[in-house]
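Residue numbers for the sequence shown follow the working numbering, beginning at 555 and rising by one. Beta carbons are placed, not taken as given, at the ideal position from N, Cα and C, and that holds for glycine. Values in this document were obtained by computation on a predicted structure and should not be read as measured data. Below: one structure, written as structure tokens.
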Amino acid sequence: MTLRSKTPKMPPKVEKEPAKVIEVDISDDEANDGVGATPTNNNKTTSQQQSSVALTPVSSNKNLVSQSFWKAGAYDVGPTTRPPLDHGQLEHARVHPKFLHSNATSHKWAFGAIAELLDNAVDEIHNGATFVKVDKIDIMKDNSPALLFQDDGGGMDPARIRKCMSLGYSSKKSNTTIGQYGNGFKTSTMRLGADVIVLSRATSASRATQSVGLLSYTFLRRTGQDDVIVPMIDFDVSGNWAEPIIYGSQDDWSANLRIILEWSPFPSKEELMLQFEDIGPHGTKIIIYNLWLNDEGIYELSFDDDDEDIRLRDEACRGSLTKLNKKAVELQSHISYRIRYSLRDYVSILYLRKFKNFSIVLRGKPVQQFNIADELQHSNVVSYKPQLGMGAKDVTVETTIGFAKEFPSIPVCGFNVYHKNRLIRPFWKVSADGSSKGSGVIGVLEANFIEPAHDKQDFERSSLFIRLEARLKQILNDYWKGHCHLMGYQPPNFRSHHVQKEPLVQPLIGLAANVGQEVVQPIVSLPANIGQGLSNGHTGSHDQLVSTDGSGPISVDQICEENIQLFMRCEEHMQKENELKQTIEGLEKELKEAKMKRDQLSLYLETRKKQKIVEPQTGNV
């Protein structure tokens, strides 16, 4: 990354409200600070407290700082002193830097953290975003890798970037945006690396601004802070010059800049300002650096295995440690396994509906979105209405279900459950372990009526979730019962000839009169099943069975042919049954409309009669 440029010196633009280094609050009572508002400092003692902030590394901590994420919270901080409060002023709640780490542990999986940042870019589509770029860049300061996220959305003005850096604040509560807790940026960035710098341009109320914010766990640990300090600087770029926006004094603004230059990848103001050149008039750039290492002291994210992908090193290496048989190799080639370690594969199914004018560019190559429901065999769409409780608006959930195209060679199964277009739970297996029922069956649905967990990798274990799980089990069982024979499996409740002493082929007599009763399904791969079921050594297509009516031997090929014909007849009857149900629903709807019209006419006639009775009486008076 080349960083060579000069920023012309200019007189500072002074504003009235005082603000220095921002201290992150836990509260979410910032609703009155609309986007585009001028940042304010509500705590009058902040400047006094921040004047005592230590900016030099604490020697006792420097050697104890771990670069492994799961050990990064294990460090000691000595006692700190703060200046006394002025008379009549209240102490504000502080957040210890260790909270940034413990908060980030909600992401057990690094790809879940990356997905959070992609969600923020996708939410910017309504602000005109057309792309989000994810890439690896090299930090010239120490020749280390960093992770870049950049979009061309609306960007963040000074007020909005401060809300982004605050804990628990979220202005995204619509039915279309994915983010909702106001915690995703902090947890995701701190899960991927120790430090993050945010650069953003925006235009609000005819004022163009660019802002820089630094959230550095390294800075907080090395300087022994007991509060989360977030240095920030802003510029007004409405004119030809980038004029600093100063809320307190020039010294305060310079102190913020000095911390950013010392602890960010950019050691000079010129290099820092150069980062805005490829952002354009609006957009946001996030650079996560000091990436975490695994327990072996190697970067958790691998950028070398594939120039067009980002891999999870531990997951990618797990399958290569042991010698695998052919079946295991085939299984690991399926996307249900590849999403564990390949970011490109995971992002390809991360969003249910394909974007029209938006692309996710991973390491210079757009990600091709993939909907596994488009490639299912013998797929069906099952609709149901979840019971949401009193006062809730009725919703209809459609589940696409079918056999994986690779089945039966690759026995993958499970439901891909989305929430507001975002994948929450991939390949969720609802059938019992060890059971062949449901093998190869994949379902896809969007469940907006239940809430995801904070890391968006699962759902809250609510009563709605439990009912959804039970409903998916029922959908799976019904589909398996009606379609497993198409893939060569013996249907449930199939009665063996040699055990039950009953005809192997049951004529479907009176099917129309018994709609709704369970139909015993024959099996397509009957030769193999018969060969397994008999113990007399009769195998192959030349086996013969004796019919129960004494008409003579019946070959296996004849039985298979009869089964196929019965299947075709069964499918026809089921299709007719569905058509009859649709006709009944249509007639019931028409009947309901007719009754409504009848009631309206009756009410109209009754009103007219009363008017005729009242009119003569009024004339006599």
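Strand pairing of residue i, partner residues [DSSP]
i	result
H973	R976
P798	F789
G956	I996
A1148	Bridge partners of A1148: none, in fact.
V921	The partner list for V921 (beta bridge, DSSP) is empty, contrary to what the question assumes.
D705	V686 and T838
I914	V686
G968	I996
D692	P699
P509	The shown model of the chain, from 555 to 1175, leaves out residue 509, and the question about it has no answer.
L866	L855
Y905	R976
V951	Y938
Cut-off 6 Å between Cβ atoms - residues of its own chain near residue i, not counting five sequence neighbours on either side
i	result
A958	V966, G994 and I996
Q829	L753
S913	F685 and P920
S605	Confidence at S605 is low in this model, with a pLDDT of 42, below 50, so its placement is unreliable and no value can be given for it.
V791	A762 and Q764
W817	S770 and F773
Chain-order list of residues whose beta-carbon lies under 7 Å from that of residue i (same chain, five-residue window excluded)
i	result
A1067	With a pLDDT of 38 at A1067, under the threshold of 50, the predicted position of this residue should be treated as unreliable, though the coordinate-derived value follows. Closer than 7 Å at Cβ, skipping near neighbours: no residue.
W982	G968, F969 and V971
N681	G707 and G708
E929	K959
K1163	none
M1041	F957, F961, P962 and G994
E1023	V984
K1035	P1045 and P1046
For residue j and residue i, believed in contact at Cβ under 8 Å, the rounded distance
i	j	result
R745	F623	7 Å
T954	V998	5 Å
I787	L811	5 Å
Q845	P699	Gln is not the amino acid found at residue 845; the sequence shown has Leu there. That pair is a contact at about 6 Å.
I799	F789	6 Å
R907	E869	Not confirmed; about 27 Å, so no contact.
L702	D689	5 Å
E952	S937	5 Å
I964	E884	5 Å
Residue span of the beta strand (DSSP E) that contains residue i, given as start and end
i	result
W843	Here residue 843 is Tyr; the residue named in the question, Trp, does not match the sequence. That run of the beta strand (DSSP E) goes G837 to L845.
K983	Taken as a continuous stretch (DSSP letters only), K983 belongs to no beta strand (DSSP E), as it is neither H nor E.
D749	G747 to S758
Y853	Counting along the chain, Y853 falls outside any beta strand (DSSP E), and DSSP gives it neither H nor E.
Q621	That residue, Q621, is in no beta strand (DSSP E); it is neither H nor E in DSSP.
Y938	Q931 to Y938
Any C-beta of chain C under 8 Å from that of residue i
i	result
L1134	The structure shown contains no chain C, having only a single protein chain.
8 Å CB neighbourhood of residue i in its chain, flanking five on each side removed
i	result
K531	In the structure as shown, the chain begins at 555 and stops at 1175. Residue 531 is therefore absent and cannot be evaluated.
E1133	none
L815	P821, S822, K823 and L826
P835	R755, T757 and A762
F1019	I1004 and F1013
E862	R898, L916, R917, G918 and K919
S990	Y1043
E1139	none
Y853	P699, L845, W846, L847 and R867
Q1165	none
L942	D948, V949, F1003 and L1018
G793	none
First through last residue of the alpha helix (DSSP H) which encompasses residue i
i	result
S1017	S1017 to H1037
G666	A664 to D677
R892	I889 to R892
S656	P651 to A658
S963	Looking at the DSSP string, S963 is not in any alpha helix (DSSP H), and its letter there is neither H nor E.
Q1177	Here the chain comprises residues numbered 555 to 1175, so residue 1177 is not present and cannot be evaluated.
S902	L897 to S902
A882	K880 to Q886
K717	P712 to M719
K991	It is not in any alpha helix (DSSP H) - K991 carries neither H nor E in the DSSP assignment.
N810	Q804 to W817
E1014	Where E1014 is concerned, there is no enclosing alpha helix (DSSP H), given that its DSSP letter is neither H nor E.
K823	K823 to L828
For the pair the stretch 747 to 762 and the stretch 838 to 851, tell me if three or more CB-CB distances fall below 8 Å. The stretch 747 to 762 makes contact with the stretch 838 to 851: 3 or more CB pairs, one atom from each, lie closer than 8 Å.
Inter-stretch contact (C-beta, 8 Å, three-pair minimum) for the stretch 690 to 705 and the stretch 651 to 659: For the pair of segments examined, the stretch 690 to 705 was found not to touch the stretch 651 to 659: the number of CB pairs separated by less than 8 Å stays below three.
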